[in-house]
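Heads up: the protein sequence lines correspond to chains A and B, in order. Quick note: the first sequence, position 41, residue 41 per the working numbering, numbers continuous. Quick note: the second sequence, position 139, residue 1139 per the working numbering, numbers continuous. Ideal Cβ positions, reconstructed from N, Cα and C, are used throughout, including at glycine. Remember, predicted model here, so these are calculated numbers, not experimental data. Before any comments, here is the structure.
There are 2 protein chains.
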Amino acid sequence: MEAAAAVFDERGYEAATIADILARAGVTKGALYFHFSSKQELAQGVLDEQMAEGGVPPRESKLQELFDVGMVLGHRMRRHPMLSAGARLSLGPDMREIFGGGSVPAWIEVTEQRLAQAKAQGELLPHVEPAEAAWIISAGWAGVQLYSQTLTGRADLEYRVASFYQHLYPSIATPAVLARLDMAADRGDRVVAEIRALELALGEEEEADQAPVRESLAS
Amino acid sequence: MEAAAAVFDERGYEAATIADILARAGVTKGALYFHFSSKQELAQGVLDEQMAEGGVPPRESKLQELFDVGMVLGHRMRRHPMLSAGARLSLGPDMREIFGGGSVPAWIEVTEQRLAQAKAQGELLPHVEPAEAAWIISAGWAGVQLYSQTLTGRADLEYRVASFYQHLYPSIATPAVLARLDMAADRGDRVVAEIRALELALGEEEEADQAPVRESLAS
């Protein structure tokens, strides 16, 4: 799957061939088809992995949590071909026919869930509709990712993602919530370190009881 | 060029072949190469056309003018393959190497010019940096276009573009300016009708003096 992600990331879905993926993975055709029946199935696997990477520690403020998701994704996309391949597959021009929009509807949905929680606990300005705002935030994030990739090869991705939320949140958040948010560009580094520490604690406690730490990662 | 735009729009730059474009245009190889020496030159022509479509009548409020540009582009992109091909070419994954980011830097620049004017005449909140906001607005517009294309084949493009500005302008505009903006989803229809009327007036006055009307279209 990692070999497939690297090939999709470099060449795109249409141009990628099973032969490229076999060469990259160093496996035989038989071994590949034992796990995946087609190129489309491999790409679907890459898209599923992308969604699995969306977890961050839960926050009292759901707008903070949503910002953290955006920053952690930006942080990881700079480092993992699986995620950048997922983005390329989701937003490719033929993806609507092949994958029903890739992971786009799922991203809007998880964003909407957090915004609905934020609304329920009074974080949003009265006129804000979670479904509308979720569409715009997901689409805007995708555009920021594409521009950063096109203009700097993602070197400024986290800086731009933070800037995007800084330009959008004042339109949707109550001032009291806004004043307490951490929207710094290095937030991704810190949250990723926090997740690693939680996972390490999970590993050490594994033989005793892993439920409390697992539950502390909201997905 | 229109044939090339249609082929790039449907197949993407990599997959498009000169043979496809010749078949679509109904011309011979010799006739094509008389005007364009390569596929890259054809694509560059499509990108240049996209930039030429950015003109709207000037407005007292430069934030209104910027909104109008976004809406007119959304309106035309639903109808003209030249524009959607331009978007596809600009945002394709290999475009950085081939076209230096396509028309992306130029779009950020024209957006920044309008925001700098808006700032000079007091339309922006004090903390807003035109260059930063221009990057985010251009990238966000591109993401909205991609999401609308992926999810609905651009059926909801103008609605989503309006929603994007509605979610972003309150973070950057002074309340007094904001209250007077027309950010309705049918704004594109109305501005395009206005442009047509101006062009018609231009045609009628052509033999007399066309300067005043030409100047009334800010690019």
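Asked	Found
By the criterion of Cβ-Cβ separation under 8 Å, what are the contact partners of B/Ser1163 in chain A?	Glu132, Trp135 and Ile136
Tell me whether the beta-carbon of B/Leu1157 lies closer than 9 Å to the beta-carbon of B/Val1144.	yes
What does the Cβ neighbour count give for B/Ser1038, buried or exposed, with the cut at 16 atoms within 10 Å?	exposed
Do you know whose CA, among B/Val1007, B/Asp1189 and B/Leu1202, lies nearest B/Asp1068's CA?	B/Asp1189
I'd like to know if the segment 4–21 of chain A and the segment 73–92 of chain A are in contact, where contact means that at least 3 CB-CB pairs between them fall below 8 Å.	yes
Quick one: what's got a C-beta closer than 6 Å to B/Ala1185's C-beta in the same chain, skipping five residues either side?	Glu1158, Tyr1159 and Ala1162
Since A/Arg160 meets chain B, which of its residues come closer than 8 Å, beta carbon to beta carbon?	Trp1135, Ile1136 and Ala1139
Measure the CB-CB distance between A/Ala4 and A/Gly45 and report whether it falls below 9 Å.	yes
Measure the CB-CB distance between A/Ile172 and A/Leu73 and report whether it falls below 9 Å.	no
Between the segment 25–49 of chain A and chain B, which residues of the former have a C-beta closer than 9 Å to a C-beta of the latter?	none
Any residues in the segment 1160–1193 of chain B with a beta carbon nearer than 9 Å to a beta carbon of chain A? Which ones, in chain order?	Arg1160, Ser1163, Phe1164, Gln1166, His1167, Leu1168, Tyr1169, Pro1170, Ser1171 and Ile1172
Taking 7 Å as the limit between beta carbons, can you name the residues of its chain near B/Gln1117, skipping five residues before and five after?	Lys1062
Which residues in the same chain have their Cβ closer than 7 Å to the Cβ of B/Met1071, if we skip the five residues on either side of it in sequence?	Glu1158, Val1161, Ala1162, Arg1187, Gly1188 and Val1191
Would you say B/Ser1148 reaches chain A, if we count a Cβ-Cβ gap shorter than 9 Å as a contact?	yes
Starting from B/Thr1152, follow the alpha helix (DSSP H) in both directions and report where the run begins and ends.	Pro1130 to Thr1152
Excluding the five sequence neighbours on either side, which residues of its own chain have a C-beta within less than 6 Å of the C-beta of B/Ala1016, listed in chain order?	Val1007 and Phe1008
For A/Ser148, tell me which candidate among A/Leu181, A/Glu112, A/Ala197 and A/His75 has the shortest Cα-Cα distance.	A/His75
On the DSSP bridge assignment, give the partners of B/Leu1202 in chain order.	None; B/Leu1202 has no bridge partner.
For chain A, is any of its Cβ atoms less than 9 Å away from the one on B/Gly1074?	no
Would you verify that the beta carbon of B/Leu1151 is, or is not, closer than 9 Å to some beta carbon of chain A?	yes
Please tell me whether B/Ile1137 and B/Leu1168 are closer than 9 Å, where the distance is taken between their beta carbons.	yes
Roughly how many angstroms separate the alpha carbons of B/Ala1043 and A/Gly26, rounded to a whole number?	37 Å
To the nearest whole angstrom, what separates the beta carbons of B/Leu1198 and B/Pro1057, a pair I think is in contact under 8 Å?	7 Å
With H, G and I counted as helix, E and B as strand and the rest as coil, what does DSSP make of B/Val1027?	coil
In three-state terms, what does DSSP make of A/Ala173?	strand
Give the range of the alpha helix (DSSP H) segment to which B/Glu1109 is assigned.	Val1104 to Ala1120
In its own chain, which residues sit with a C-beta less than 6 Å from the C-beta of A/Lys221, not counting the 5 before and 5 after it?	Outside the displayed range of chain A (1 to 219) lies residue 221 of chain A, so it cannot be described from this structure.
With C-beta atoms as the reference, is A/Ala155 less than 9 Å away from B/Gly1140?	no
According to DSSP, simplified to helix, strand and coil, what is B/Leu1073?	helix
Rounded to the nearest angstrom, what separates B/Glu1204 and B/Glu1194 at their Cα positions?	16 Å
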